[in-house]
Each structure stands twice: as structure tokens, then as C-alpha cells.
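Enquirer:
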Amino acid sequence: MKRILDLALNDLSQLFRDPKILLFTIAIPIAFTFFMGFALRSTAQPPDPRLALGWVNQDPGGLISQQLYEMMSGSLAVRLVELDASAADKQLRSGDVAGVLLVPEGYSANALAGQPAQLTLLADPLSTTGQSLQQVLRTPITQLMSSLEIAQINAELLADKEPFASEAARQAEVETTFHAAVQAWTQASRNSALLVVEKAGTEGPNAPLGGNPYNQSSPGILVQFAIFQMFTSALILIQERKTRCLQRLITTNMRLSHLIAGHWLAMFAMVFMQTAILVIFGQLVLKVNYLGSPLGTLLVAIGLCMWISSMGLLIGVIAKGEEQAILFSMVAMILFASLGGAWVPLDVGSKLFNTVGHLTPAAWAMDGFQNILLRGLGLNSTIQPTLILLGYAVLFFVLAVWRFRLRKD
Numbered sequence: 052m053k054r055i056l057d058l059a060l061n062d063l064s065q066l067f068r069d070p071k072i073l074l075f076t077i078a079i080p081i082a083f084t085f086f087m088g089f090a091l092r093s094t095a096q097p098p099d100p101r102l103a104l105g106w107v108n109q110d111p112g113g114l115i116s117q118q119l120y121e122m123m124s125g126s127l128a129v130r131l132v133e134l135d136a137s138a139a140d141k142q143l144r145s146g147d148v149a150g151v152l153l154v155p156e157g158y159s160a161n162a163l164a165g166q167p168a169q170l171t172l173l174a175d176p177l178s179t180t181g182q183s184l185q186q187v188l189r190t191p192i193t194q195l196m197s198s199l200e201i202a203q204i205n206a207e208l209l210a211d212k213e214p215f216a217s218e219a220a221r222q223a224e225v226e227t228t229f230h231a232a233v234q235a236w237t238q239a240s241r242n243s244a245l246l247v248v249e250k251a252g253t254e255g256p257n258a259p260l261g262g263n264p265y266n267q268s269s270p271g272i273l274v275q276f277a278i279f280q281m282f283t284s285a286l287i288l289i290q291e292r293k294t295r296c297l298q299r300l301i302t303t304n305m306r307l308s309h310l311i312a313g314h315w316l317a318m319f320a321m322v323f324m325q326t327a328i329l330v331i332f333g334q335l336v337l338k339v340n341y342l343g344s345p346l347g348t349l350l351v352a353i354g355l356c357m358w359i360s361s362m363g364l365l366i367g368v369i370a371k372g373e374e375q376a377i378l379f380s381m382v383a384m385i386l387f388a389s390l391g392g393a394w395v396p397l398d399v400g401s402k403l404f405n406t407v408g409h410l411t412p413a414a415w416a417m418d419g420f421q422n423i424l425l426r427g428l429g430l431n432s433t434i435q436p437t438l439i440l441l442g443y444a445v446l447f448f449v450l451a452v453w454r455f456r457l458r459k460d
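Be aware that the sequence shown starts at 52, since it is given in the numbering used here, and climbs by one per residue.
1. Consult DSSP for THR433 and reduce its assignment to one of helix, strand or coil.
2. Bridge partners for TRP415 per DSSP, in chain order?
3. Rounding to the nearest angstrom, what Cα-Cα distance links VAL151 and PHE404 in this structure?
4. Does VAL339 come out as helix, strand or coil in the three-state DSSP assignment?
5. Tell me whether GLN238 is buried or exposed, calling it buried when 16 or more other Cβ atoms sit within 10 Å of its Cβ.
6. Tell whether a beta-carbon distance below 8 Å holds between ALA139 and GLY105.
7. Going residue by residue through the stretch 129-183, where are the continuous beta strand (DSSP E) segments of at least 3 residues, counting only ones entirely within it?
8. In the structure shown, what three-state DSSP assignment does PHE378 receive?
9. Considering just the uninterrupted stretch of the beta strand (DSSP E) at ASN108, what are its terminal residues?
10. Tell me, please, whether the stretch 422-432 touches the stretch 306-322 by the rule of three or more beta-carbon pairs shorter than 8 Å.
11. Which of the three DSSP states, helix, strand or coil, is assigned to TRP394?
12. Could you have a look at ALA462 and say whether DSSP puts it in helix, strand or coil?
13. Can VAL382 be considered in contact with the ligand FAD, in the sense that its beta carbon sits closer than 7 Å to one or more heavy atoms?
14. Is there at least one Cβ from chain D nearer than 8 Å to VAL339's Cβ?
15. Check whether the stretch 101-121 and the stretch 79-88 are in contact - that is, three or more C-beta pairs closer than 8 Å.
16. For LEU119, count neighbouring Cβ atoms within 10 angstroms of its own Cβ and tell me buried if that reaches 16, exposed if not.
17. At the level of alpha carbons, what is the spacing between LEU335 and SER389?
18. Taking all protein chains shown into account, decide if ILE331 is buried (16 or more other Cβ within 10 angstroms of its Cβ) or exposed.
Here's what the structure looks like:
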């Protein structure tokens, strides 16, 4: 056992002689975690799906224009974008808004006086969005005009019984009845609705990525750069072969099993150190709740590091030089990270993509972490992913030992 530990410590001391090792082990993974988190922020905060309707109000303070604005502000189909008249045409041409609704000066006063009052919708009447806007606007405008007509008829009936003391009194009665009619229309619309649509929040456990984009980028980059450590792990064996140190060790009385175990242990320690640092950073800085199940996180991390160490050992045995080791490690990182859901959650793809992805060990590592981070599950949910990772670790370790015995150089 002492020989195994001595060999592992010797390998680690060789690795840490190169100051760049800290750059690739800590600094670059943290930088990529931030970058991927920003890239995924749009997933955690989905854009407003409603049609953008420009609102140009040249009738500020008008009774009807104010009421129309309030009704449209609560629409599930459109969202109002307040614009100046000078900017409306430019916004429409650039496609920033689907249409522009122009409320002319004196619109409310003319409508209250029974004079022609016309709203103007600037949109392509032949386009789907233009027709959708016309349909959306038809209902609230019809309700407003009918409410105004009800208010005016009511005022006339009251005036027939007893004339108003002044025009201001008549106007006050019209406004009171108008608001009551609008309220009745609103209540009737709610009661008759067959479907209630609620806007999903972007916070909370049911939000995309749990409301925190780092719930994807933190474990994803952790898995990706753990895979990249295959090169660092393989480099130990390659350098020892290049310096003939490995051949000298083989000719000593050191058992082959001790030699392989020592190198494997050094690889495991290196990958586990990186994983632990990234988990702590994610928990403390990025508010990623790895400690939702500490033992579960530890199990998945151990399974991941054992798989990486075994595959790194295999690459170190079969690679003829540093260039090949870099090539094999980069191909493995890109293949496993992309198919395993380290970059994009497998759930957003097709069933076939999900199935193919789970042929890779990286997907099971991501499942283990995200069972804790996104699904709020506990220790039991990490047992299957960990066992599968251990299975891959055994497979690659056996292949590495078999290939090691065949090498003559």
C-alpha cells in the first residue's frame, strides 16, 4: 500500500510542477461556467410570447383612451409598447412591433360628445399578425363603445325624469355609468371564459432550470472539464514512457498491480480535487444547491472521477505521444459533453437524442447531479447513475490493464 501511495504522490508532484495546471483545473472551468450560465439565462427567463403593439396616445388623460390602455395592458395576446408618433413608423418597419395603435387627439371628448371618433391601427391587414391584432382589438373596443352608449342612454333617461343641474353633473353621471358598464363587461368575460391562461413564473422550482441557469452550466462544465482531465491523467504515463522511467519501474520488484493502482490513484485524486473545488464554488458563489443531498453529490462525484481516471489510464496506455493524448481527450470531451447533456439539457431534445445521450457515462453523471439540483430528489435518486458510472469505470479500467500488459515499449 505504501508503494501505491508513494507512486501516486510522485505523480501528483510532477503534475503540480507546471503552474498551468491550476489554470486548466480551476480558472478556465469557472470562466466557462459563467459564460454558459449567461448563455442559458434566456432559457431560464423565456421571452414574452405576446405580440408587441405600439401605443401612440395623443389623447392623454382621456376617459376612454385611459380605459382602453388598462384593458389592453392585461391582455394575454398583446403587450403594449409606448411610443412617440415620430418613432412609431420606424419601429414598425424594423419589426420591433407587430403593429401600432394610434389614439388621435380629442378621441375621448369626441366619443363622449357623440361625434365621430376613430382609432388607427397601422399593420399589414393581409399578414397573420395584422389580422390577429384586428381580432384582439375588436373585443375591447366594442365593449368600450357599448359601455359608452349605455352610459349616454342612461344619462338621457335620467335627464328626462329630472334635468341635470349642470353639464358637469351630467358628465359625472356618464363617467360613473361608463365605469360600471366596463366593469360588468370585464366580469362577464371572466365568468364566461372556458380556459384560464396563467403566465408561468420564471422563479421557483417549476421554472426552467429551477430559475437558476447555473443549475445546468455548473454541473455541465464540471463534467466537461472532468473529462478533459483525461489528458492530464494520461500525460503522467506518456512522460514516464518518454523518460524510460516506466520501463525501469517494470523491471524492479514493484508489482504491475501496484504500478497501475498508483497511477490510477493519482489520476483519481487530481480529478476529485477539481470536482470538489467546482462543487464548492457552485454552492457558495452560484447558489447551486449541491448540498440539497450532500451524500448524493458525493456519490455521483466519486463515480464520475472513477470513470474519468479509468478512461484517462486507457488513453495514457494507448496514446503514442502527447499529441495523440490531446486528440483522444478532446474528441472524448466534445463527444461525451455534447451527447451527455453537459451543454444543453437532454430533456429539450427528441426522445432519440435522449436515448443516444444515455449511452454515454456523461449523461448519467448529469442525471445524478440534476436529480438533486432540478428535481429536488435525494440520495436514492443518485444510486443508479453512480452504479452505471462505476460500471463504465470498471470497463475502461479492465481495457487499460489489458492494453498495458500488451505494451512492449
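Note that CB positions come from ideal geometry on N, CA and C, so glycine has one too.
Just so we're clear, the structure is a prediction, and the values are computed from it rather than from any experiment.
Expert: For this structure:
1. helix
2. TRP415 is not bridged to any residue.
3. 42 Å
4. coil
5. exposed
6. yes
7. 129-133, 150-154, 171-173
8. Note on residue identity: the sequence assigns Leu, not Phe, to residue 378. It is helical.
9. 102-108
10. no
11. coil
12. There is simply no residue 462 to check, as the chain begins at 52 and stops at 460 in what is shown.
13. Although the ligand FAD was asked about, the structure shown includes no ligands whatsoever.
14. As a matter of chain content, chain D is missing from the structure shown, which is built from one protein chain.
15. no
16. buried
17. 27 Å
18. exposed
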